[in-house]
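**Student:** Under numbering that gives the first Met the number 0, read the sequence shown as residues 0 to 237, first letter to last. Please read through the structure below; I'll follow up with questions.
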Amino acid sequence: MSNVNRFDVITIFPEYLAPLNLSLIGKAHSSGLIEIGIHDLRAQTTDVHGSVDDTPYGGGAGMVMSPEPWGKAIDAVAELAPDEIHELIVLTPAGEKLTQDLAQTLTKSKHLIFACGRYEGIDVRVSDYYATAKNFKVREVSIGDYVLGGGEVATLVIMEAIIRLLPGVIGNSASLDEESHTLTKDGDTLVEYPNYTKPKEWRGLEVPEILLSGNHGEIAKWRLEQALIRTNLRKESP
Ligand code: ADE
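Spelled out as C-alpha cells, the structure:
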C-alpha cells in the first residue's frame, strides 16, 4: 500500500485543471508527496462525436451526462490504485457542503476520484452503483449554495483545501493550528484573529500595542477575544 495520497480527476475539460501545476499543489506533486492524474471523459466514448450526454428521462430542460462513459472512466482510474479504497467525490450543488472538517476527513483517504459533472449533472445511477461497489465510497459534495458551470472549479477548491493539510506540504505546519474554521479544544470553530506585520504604522493605522508588548499570555488572550468578535460578527451578517 502506498503512503502517498492519490488524486484522479475525470472531466471533459482537462485544461481546466491546469492550476494544479502551480504553487503548493504543484510543488507537492512534483516532489512526489502526492500523485495527481487528470483524465478526459471523452476518451471513454465510442461514437464519432464523443457524446457524453443525452436528454433527461421524464423531460425537462438541459442534458444529463450518460452513465456508461463515467462507469468506464471510474473503473479505469480505480485500477491506478488497486490496493486502496476509492473515495468517489461527485461534484454537485445538491451535495454535502464542503467544510474544513470535511477537508480534514478527506486527508485520510488514500485515493480520491473527482467526477466533474457538467450540464444538469451525471445520471444518478453512477453514484448509486459505486455506493455499493466493492472498495468504493461515494460522497456528493457541494462547495456552496450557488450553481457553477461544472465541477472543475469545485474540484480545485476541494483539492487545495485537502492538500495543504497533508504532512510536508506546508513548510511550517504550526500555521495550520490557529487558522480559521479549525475546531478548537472546546469544539467551536472560530475565524482567525487579525494579523499584522511591519511597518508599525501604515497610512496612519497603528499595530495594536499589545502585539508589540512581548507578553505572550496577553497576546494569546487578545487574539482569542478578536477571533470571538469576528466569529460573532460573521454569524450576525445575513
Ligand atoms: N457543480 C455546479 N455547482 C456546484 C457547486 N456549487 N458545488 C460543487 N459542484 C458544483
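Where a beta carbon is used, it is the ideal one built from N, C-alpha and C, also for glycine.
1) With a threshold of 16 other CB atoms inside 10 Å of the CB of P243, please say whether the residue is buried or exposed.
2) Any heavy atom of the ligand ADE within a distance shorter than 7 Å of the CB on G167?
3) Could you compute how far the alpha carbon of K199 sits from the alpha carbon of A219?
4) Could you give the distance in angstroms between the alpha-carbon of R229 and the alpha-carbon of L182?
5) Name the DSSP bridge partner or partners of H28?
6) Whole angstroms is fine: what's the gap from P68's alpha carbon to T44's?
7) Considering just the uninterrupted stretch of the alpha helix (DSSP H) at L105, what are its terminal residues?
8) How about G70: is its Cβ closer than 7 Å to a heavy atom in the ligand ADE?
9) Could you tell me how far apart the beta carbons of A17 and V168 are, in whole angstroms, since I believe they sit closer than 8 Å?
10) Within its chain, find whatever has a CB closer than 8 Å to the CB of M62; leave out the 5 residues flanking it on each side and keep chain order.
11) Tell me which residue opens and which closes the alpha helix (DSSP H) that H215 is part of.
12) Of all residues in the structure, which have a C-beta closer than 5 Å to any heavy atom of the ligand ADE, taken in chain order?
13) Return the first residue and the last residue of the alpha helix (DSSP H) that L155 is part of.
14) Helix, strand or coil for G70? Go by DSSP, reduced to three states.
15) Tell me the rounded alpha-carbon separation between E205 and W221.
16) Consult DSSP for I88 and reduce its assignment to one of helix, strand or coil.
17) So what does DSSP say about A93, is it helix, strand or coil?
18) Around the Cβ of E86, are there at least 16 other Cβ atoms within 10 angstroms (buried) or fewer (exposed)?
19) Mapping DSSP to helix, strand and coil, what is R124?
20) What does the alpha-carbon distance come out to for the pair N231 and K133?
21) Any contact of the region 31-38 with the region 71-80, i.e. 3+ C-beta pairs under 8 Å?
22) Could you give the DSSP three-state label for A60: helix, strand or coil?
**Tutor:** If we stick to the structure as given:
1) Only positions 0 to 237 of the chain appear in the structure, and residue 243 is not among them; the question remains open.
2) Walking along the sequence shown from the start, residue 167 turns up at place 168. Here the distance from the Cβ of G167 to the nearest heavy atom of the ligand ADE is not below 7 Å.
3) Here residue 199 refers to the residue found at position 200 when the sequence shown is read from its first residue. Here residue 219 refers to the residue found at position 220 when the sequence shown is read from its first residue. Note on geometry: alpha-carbon atoms of K199 and A219 lie some 19 Å from one another.
4) For this step, residue 229 is matched to residue 230 along the sequence shown. For this step, residue 182 is matched to residue 183 along the sequence shown. Approximately 16 Å between the Cα atoms of the pair.
5) For the purposes of this step, residue 28 is identified with residue 29 of the sequence shown, where counting begins at 1. Paired residue(s): none; H28 is not in a bridge.
6) Residue 68 sits at position 69 when you count from the first residue of the sequence shown. Residue 44 sits at position 45 when you count from the first residue of the sequence shown. In a straight line, the C-alpha of P68 is about 6 Å away from that of T44.
7) Counting from one through the sequence shown, the residue named residue 105 turns up at place 106. Start and end: Q99 to L105.
8) Numbered from its first residue, the sequence shown carries residue 70 at position 71. G70: no, Cβ never under 7 Å from the ligand ADE.
9) The residue labelled residue 17 in the question sits at position 18 within the sequence shown. The residue labelled residue 168 in the question sits at position 169 within the sequence shown. Their Cβ separation, rounded to whole angstroms, is 19 Å, which puts A17 and V168 out of contact at 8 Å.
10) The residue given as residue 62 occupies position 63 in the sequence shown. Counting only Cβ-Cβ distances below 8 Å, and skipping sequence neighbours, we find D52, D53, T54, P55, Y118 and E119.
11) Position 216 of the sequence shown, counted from the first residue, corresponds to residue 215. Its alpha helix (DSSP H) spans residues H215 to E235.
12) L90, P92, S141, I142, V146, L147, G150 and A153
13) As a position in the sequence shown, residue 155 is number 156, starting the count at 1. Taken as a continuous stretch (DSSP letters only), the alpha helix (DSSP H) holding L155 covers E151 to I162.
14) Taking the sequence shown and counting its residues from 1, the one referred to as residue 70 is at position 71. G70: helix per DSSP, three-state reduction.
15) Within the sequence shown, numbered from 1, the residue matching residue 205 stands at position 206. Within the sequence shown, numbered from 1, the residue matching residue 221 stands at position 222. Cα to Cα, E205 sits roughly 16 Å from W221.
16) As a working mapping, residue 88 is identified with position 89 in the sequence shown. Here I88 sits in strand by DSSP.
17) Along the sequence shown, one-based indexing puts residue 93 at 94. Residue state, collapsed to three classes: strand.
18) By one-based count along the sequence shown, residue 86 stands at place 87. Per the 10 Å Cβ criterion, buried.
19) The residue you call residue 124 lines up with position 125 of the sequence shown. Here R124 sits in helix by DSSP.
20) The residue you call residue 231 lines up with position 232 of the sequence shown. The residue you call residue 133 lines up with position 134 of the sequence shown. Whole-angstrom Cα-Cα distance: 45 Å.
21) yes
22) Taking the first residue of the sequence shown as position 1, residue 60 is located at position 61. DSSP places A60 in coil when its eight states are reduced to three.
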